[in-house]
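Enquirer: Residue numbers (my numbering): 146 to 413.
All residues carry an ideal CB built from backbone N, CA and C; glycine is no exception.
All values reported here derive from a predicted model rather than from experimental measurement.
Have a look at this one before I ask anything.
Dropping the structure here:
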């Protein structure tokens, strides 16, 4: 199954408020939650579950990624191994959710009704494995694992359907109303994991999305156009053990992790 701690994010104002956010799967009752910790030094001084009661019926296709963009907390939740959940806008499964940093539901979410706000921001997702955003903007991107095909990079937009659900077949445009096509699709499964839109000290690497493949062991550089609306090409810059995460780290370098090791990319 996919249980335990699955996602981490720092509050955009972490240096002042020291808030750390954690997506985890609770064992009993079996459900997904987002907790906010107050960190001091190397210790957590307080904890509060700000999102709870998200079903995890099978222990599979949990999702679990967190990303701040535009001051809001976005949460990627898998469809719980049931494609029907992805097209059900009344369910939080198979969705990207949008919250305020305190866990309340903000105004402007597309499926809210008077007196009943919904956290759902987009739907039709199978099992998102990562979220990132273009620095300095609110442009949000998600990597998503397909069934036996069609791993994807998607630009996540308000209220859009990303096409997963009952009846989907490899290569389809998607199911449900007006499915949005991915920015990039891998025909063969690479098990794409958590991506990062890099902007750091290595200028020649700036402006592109970097994502790992767990199955193909490759670090993929998705070369973007200036507006972030199109992938120009998928450039493989390293092969080896399966990659589980990519991120910018101390000093502005680009880092990636396998199940056992962490690597830093430096100039030639």
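Would you list the one or two residues that DSSP bridges to residue 168?
Expert: 152 and 179.
Enquirer: Under DSSP, the beta strand (DSSP E) around residue 300 begins and ends at which residues?
Expert: Its beta strand (DSSP E) spans residues 296-301.
Enquirer: Do you know how far the Cα of residue 397 is from the Cα of residue 346?
Expert: Those two C-alpha atoms are separated by around 5 Å.
Enquirer: Helix, strand or coil for residue 214? Go by DSSP, reduced to three states.
Expert: If DSSP states are grouped into helix, strand and coil, residue 214 belongs with the strands.
Enquirer: Between 265, 370 and 286, which lies nearest to residue 337 when the distance is taken from Cα to Cα?
Expert: It is 286.
Enquirer: Is it buried or exposed for residue 411, if we count other Cβ within 10 angstroms and need 16 for buried?
Expert: So residue 411 counts as exposed.
Enquirer: Just to confirm before moving on: does the CB-CB distance between residue 148 and residue 195 stay below 9 Å?
Expert: For residue 148 and residue 195, no; Cβs fall outside 9 Å.
Enquirer: Measure the C-alpha to C-alpha separation of residue 364 and residue 399 and round it to an integer number of angstroms.
Expert: One C-alpha to the other measures close to 11 Å.
Enquirer: Cβ atoms of residue 240 and residue 222: under 9 Å apart, would you say?
Expert: Against a cut-off of 9 Å, the Cβ pair of residue 240 and residue 222 comes out as a contact.
Enquirer: Where does residue 324 land, buried or exposed, given buried means 16+ other C-beta within 10 angstroms?
Expert: Residue 324 comes out buried.
Enquirer: With 16 other CB atoms within 10 Å as the buried threshold, where does residue 276 fall?
Expert: Buried, by the Cβ-count rule.
Enquirer: Going by DSSP in three states, residue 161 sits in which element: helix, strand or coil?
Expert: Helix.
Enquirer: Looking at residue 231 and residue 238, is the spacing between their C-beta atoms short of 9 Å?
Expert: Closer than 9 Å, so yes.
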